[in-house]
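The opening position of the sequence shown corresponds to residue 18 in the working numbering, with each subsequent residue numbered one higher. C-beta: ideal position from N, C-alpha, C; glycine also. Step one of this worksheet: look at the structure below.
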Amino acid sequence: MSASKDIQFNTGEFLTRIKERDNDAIEMLVRRYTEPLLRTSMGLGFDAHTADELVQSVWTTFFDVVSAFQGRSHIRTFIFGILYNKVSEQRRLQKKAMTHDHIDEVMDSKFNASGHWITPPVDPEKFLLASETMDLIQRCIDALPTAQRAVFCFKEIEDKKTSEICKIMDVTVSHLGVLFYRARNELRECIEMKASEA
Numbered sequence: 018m019s020a021s022k023d024i025q026f027n028t029g030e031f032l033t034r035i036k037e038r039d040n041d042a043i044e045m046l047v048r049r050y051t052e053p054l055l056r057t058s059m060g061l062g063f064d065a066h067t068a069d070e071l072v073q074s075v076w077t078t079f080f081d082v083v084s085a086f087q088g089r090s091h092i093r094t095f096i097f098g099i100l101y102n103k104v105s106e107q108r109r110l111q112k113k114a115m116t117h118d119h120i121d122e123v124m125d126s127k128f129n130a131s132g133h134w135i136t137p138p139v140d141p142e143k144f145l146l147a148s149e150t151m152d153l154i155q156r157c158i159d160a161l162p163t164a165q166r167a168v169f170c171f172k173e174i175e176d177k178k179t180s181e182i183c184k185i186m187d188v189t190v191s192h193l194g195v196l197f198y199r200a201r202n203e204l205r206e207c208i209e210m211k212a213s214e215a
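As structure tokens, then:
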């Protein structure tokens, strides 16, 4: 997402136009961010129909609450923050969020008492290159807990900066690092397991 393309959306004048329901400004904003919102929603594991519903819900909420938005963060951050909240709500409704984070048990099984790998992990880049289909990887991404999935998709799919992800998810840099570390390790574990079953 290019900063030069987004700068026009972060001016006080543009925000005023949005709050005053200027049709041209609204159309520009919706055109700019609908596709990235859809990509992010699908990257978080939702099918096209659900992703579309999520994005529609984001825009509805955005226009309901934009009058209170003061412009202290980028309007893009505000919009994606709404998306993250909608994703969390959707996961709760579907009861698909994992209730037990088993990564600590997984990691314990991978290291010996000295803290060395019992079996060194497969290099994820080499493995991904050797994979015949992205379906396996997508299934593993879908299995991640919501917060880990969001961090991974924001960072690896949307290529967002750490500071922006922290604002969207309202977490510290250190917490973000933990979430990303766990997401990568869970993905590695899942990919290795599914590859061995193939």
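- With a beta-carbon spacing of about 6 Å, C207 and A160 fall inside the 8 Å limit used to define contacts.
- A residue is called buried when at least 16 other Cβ atoms come within 10 angstroms of its Cβ; L110 does not meet this threshold and is exposed.
- In the three-state scheme derived from DSSP, where H, G and I count as helix and E and B as strand, A65 is classed as helix.
- Scanning T189, R93 and T78 for the CA closest to the CA of E52 turns up R93.
- Residue range N40 to G60 is occupied by the alpha helix (DSSP H) that includes A42.
- In the displayed model, Q87 falls within coil according to three-state DSSP, outside both helix and strand.
- Assignment of L161 by DSSP, reduced to helix, strand and coil, places it in the coil class.
- Annotation: F95 to A42 spans about 16 Å, alpha carbon to alpha carbon.
- Taking C-beta atoms as the reference points, F26 and R49 count as a pair closer than 9 Å.
- Taking G98 as reference, the option from D69, E37, S58 and H66 with the minimal CA-CA separation is S58.
- Counting C-beta pairs closer than 8 Å gives three or more between the stretch 191-203 and the stretch 162-180, which meets the contact rule.
- The C-beta of R108 has 16 or more other C-beta atoms within 10 Å across all chains shown, which makes the residue buried.
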